[in-house]
Every structure is written in C-alpha cells, then in structure tokens.
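Asks: In the working numbering, the protein residues as written are 2 to 260. The C-beta atom is built at its ideal place from N, Cα and C for all residues, glycine as well.
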Ligand code: DAK
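1) How far does the alpha helix (DSSP H) with residue 66 in it reach, from first residue to last?
2) At what residues does the beta strand (DSSP E) containing residue 27 begin and finish?
3) For residue 53, decide whether its Cβ has a neighbour in chain E, counting only Cβ atoms nearer than 8 Å.
4) What I want to know is whether the C-beta of residue 56 ends up closer than 7 Å to one or more non-hydrogen atoms of ligand 1.
5) Is residue 16 helix, strand or coil by DSSP?
6) Does the beta-carbon of residue 1 have 16 or more other beta-carbons within 10 angstroms, so that it is buried, or is it exposed?
7) Pick out the complete beta strand (DSSP E) segments inside the segment 208-258, 3 residues or longer, and give them in chain order.
8) Using a threshold of 8 Å, state whether the C-beta atoms of residue 132 and residue 108 are closer than that.
9) Hey, how far is the Cα of residue 36 from the Cα of residue 253?
10) For residue 262 and residue 155, I'd like the C-alpha separation in whole angstroms.
11) With DSSP run on the structure shown, which of helix, strand or coil describes residue 87?
12) Are three or more beta carbon pairs between the segment 41-49 and the segment 81-88 nearer than 8 Å?
13) I'd like the ranges of any beta strand (DSSP E) spanning at least 3 consecutive residues and lying wholly in the segment 87-127.
14) In terms of DSSP beta bridges, what is residue 55 paired with?
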C-alpha cells in the first residue's frame with residue numbers, strides 16, 4: 002500500500018490520482034502503486050471508466066531520476082520487467098481511460114498518458130520523451146506506443162531530440178485529443194469518458210480489445226480477433242437489451258445493464 006497513488010471513485014468513474022509533489026516523479030513505490038490501482042480499476046464493478054490525473058499543477062515529470070541514478074545495470078535488469086508492467090497494466094484496463102494532463106507529462110509520465118485511450122491537456126501543458134538527454138531511451142512503452150500514435154518519423158524526432166511539445170503541436174500531430182484551459186482539464190477529461198458510463202460495458206470492452214490487439218497483428222489476424230469478439234457480444238444481456246429496444250422503440254439509448 003502507498004499514499005502516492007490512489008483510486009477515487011465517483012459516479013462510475015475511477016480517478017487514478019498521482020500524488021507525489023512537486024513533480025509526481027515516478028519512483029519504484031508509485032510505479033508499484035500504479036500496478037495495484039490499475040488492477041483495482043479493472044476489477045471494480047462500480048468503475049466503468051478511468052481518469053488518470055496528477056493534480057492541478059503537473060501530470061508527471063517522469064521516472065524518479067534521483068532514484069534511477071543510483072541503479073546499476075543489474076539492478077535495472079532485475080527491475081525493468083516489473084517496471085514496464087505499470088504502463089502495461091494501465092493499457093490493459095478493459096474500460097475507457099483518459100489522461101487529464103496539467104503541466105508536464107514527460108518520460109514515464111508521457112508513457113502513462115500514452116497507455117490511456119485518450120489524452121486531454123491544459124493549454125500550457127508540455128509533453129515529451131526527454132530520456133535521450135539522460136543518455137537513455139524511453140523504457141515504459143514510449144518508443145512503441147508513441148510511434149503507433151503519431152507515426153514513426155514524428156516519434157523519432159521527439160525521442161532523438163527529447164524536445165518538449167506544447168499543447169497546440171501535440172493536438173496537431175495527434176498526440177493529444179483535446180486542449181482546454183488548465184482549470185478545466187479534470188472536468189473535461191471526466192466528460193470525455195462519462196459518455197461511456199451506463200453503456201454496454203462488455204461490448205465497450207470487446208471493442209477496446211479488438212482495436213488494441215488488432216493494432217499489434219496483421220490485418221487477417223486482426224479481423225479474426227474482431228470476428229471472435231463480435232460473436233462473443235451475443236453472449237451478453239446488453240446485446241439482447243439493445244436489439245429488443247431498437248425493435249420496440251427505435252434508436253437508443255437502450256437501458257443497458259452492463260452485463
Ligand atoms: N525525477 C526526480 N526529480 C525530479 C524530476 C524527475 N523526473 N523532475 C523534477 N524533479 C525535481 C527537481 O530535481 C527539483 O527538485 P529539488 O531541486 O527541488 O529537490 C523539483 O523536482 C522541481 O524541479 P525543477 O526545479 O527542475 O523545476 P522546473 O520547473 O525548473 O523544471 C521540469 C521542471 C519538469 C522541466 C524539469 O524538472 C525536468 O526537466 N525534469 C526531468 C524531466 C525528465 O527528464 N523526465 C524523464 C525522466 S526518465 C523504465 C520505465 C520508465 C522509465 C525508465 C525505465 N523501465 C520499464 C525499465 C522512465 C524514464 C524517465 O521518465
């Protein structure tokens with residue numbers, strides 16, 4: 002258990018709150034805490050969507066450099082598999098997820114945001130993968146998820162240079178989905194996923210899995226993943242509710258039960 006990261010649940014939305022002032026630097030404790038809260042958000046029935054939020058000032062300025070500086074090669078070999086798991090655990094939450102970004106989202110902080118489905122940022126936010134300036138490369142999915150999101154050339158520019166991207170550029174290259182005044186970031190992020198709360202949660206889950214798994218494989222395999230998951234939705238009550246509602250009353254929203 003750690004106080005540095007917690008899950009707060011309200012109105013069907015779980016907020017994963019990073020809380021390690023001043024920069025939410027991601028030390029081993031907070032990384033392990035993220036693993037635990039991602040598991041909690043995954044299993045809790047009262048959580049239909051997730052916001053990852055670092056507070057009003059900063060999202061996260063990356064892994065804790067002061068902690069990393071003391072680590073040897075073998076320390077890192079021993080820890081790196083577990084470390085990478087925290088972004089994998091966030092990416093694997095089978096519910097809509099959004100990063101609500103104020104201030105900096107750098108290095109491991111940017112990688113946490115990349116592991117979410119959507120990113121809502123403040124007008125004065127700065128994102129980047131500055132690891133190169135420390136003599137390392139991104140290690141929690143940055144080379145992979147960033148390239149998939151913005152394309153290989155833009156990802157290489159950001160990773161080779163380590164430069165920070167402002168909100169306007171981030172929006173233009175597809176790194177983020179929405180730019181709002183700093184004071185509105187958390188509310189806007191909640192609104193972005195609130196629209197999925199009360200929906201057919203197993204269909205949403207299947208859709209997320211089909212898209213994410215499909216991006217990892219060739220088209221033929223992706224279509225097969227889609228086919229199997231599509232057929233699987235016929236085992237849910239919400240599939241029957243959605244179709245019966247349309248036949249009886251026309252276009253939705255249907256009174257889904259999340260089952
Ligand atoms: N780690 C530790 N401390 C940090 C920090 C960080 N990432 N970022 C900031 N701080 C600390 C500063 O040292 C300073 O502490 P004091 O001097 O007050 O004790 C305090 O936070 C305030 O920072 P500044 O004085 O620098 O504040 P400024 O407003 O001037 O600048 C800044 C803010 C965020 C632009 C700047 O602090 C900065 O550039 N920070 C470093 C950003 C960075 O390089 N991030 C990437 C870190 S590397 C892995 C998975 C993931 C990773 C690695 C491995 N595995 C799976 C194996 C991830 C790696 C990274 O993220």
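Replies: This is what the structure gives:
1) Here residue 66 is taken as the residue at index 65 of the chain shown, counted from 1. Its alpha helix (DSSP H) spans residues 66-70.
2) Counting from one through the chain shown, the residue named residue 27 turns up at place 26. Taken as a continuous stretch (DSSP letters only), residue 27 belongs to no beta strand (DSSP E), as it is neither H nor E.
3) Here chain E cannot be found, since the structure has a single protein chain.
4) As a position in the chain shown, residue 56 is number 55, starting the count at 1. Incorrect: residue 56 has no Cβ contact closer than 7 Å to ligand 1.
5) The residue labelled residue 16 in the question sits at position 15 within the chain shown. Three-state result, residue 16: strand.
6) Only positions 2 to 260 of the chain appear in this structure, which leaves residue 1 out of reach.
7) none
8) Counting from 1 along the chain shown, the entry for residue 132 is found at position 131. Counting from 1 along the chain shown, the entry for residue 108 is found at position 107. A contact, by the Cβ cut-off of 8 Å.
9) On the chain shown, residue 36 is found 35 positions in, with the first residue counted as 1. On the chain shown, residue 253 is found 252 positions in, with the first residue counted as 1. Computed Cα separation, rounded: 37 Å.
10) Any property of residue 262 remains undetermined from this structure, which presents the chain solely from 2 to 260.
11) Within the chain shown, the letter at position 86 stands for residue 87. Here residue 87 carries a helix assignment [DSSP, helix/strand/coil].
12) No, the segment 41-49 does not touch the segment 81-88.
13) 98-102, 105-107, 119-123
14) Locating residue 55 in the chain shown gives position 54, counting from the first residue. According to DSSP, residue 55 bridges with nothing at all.
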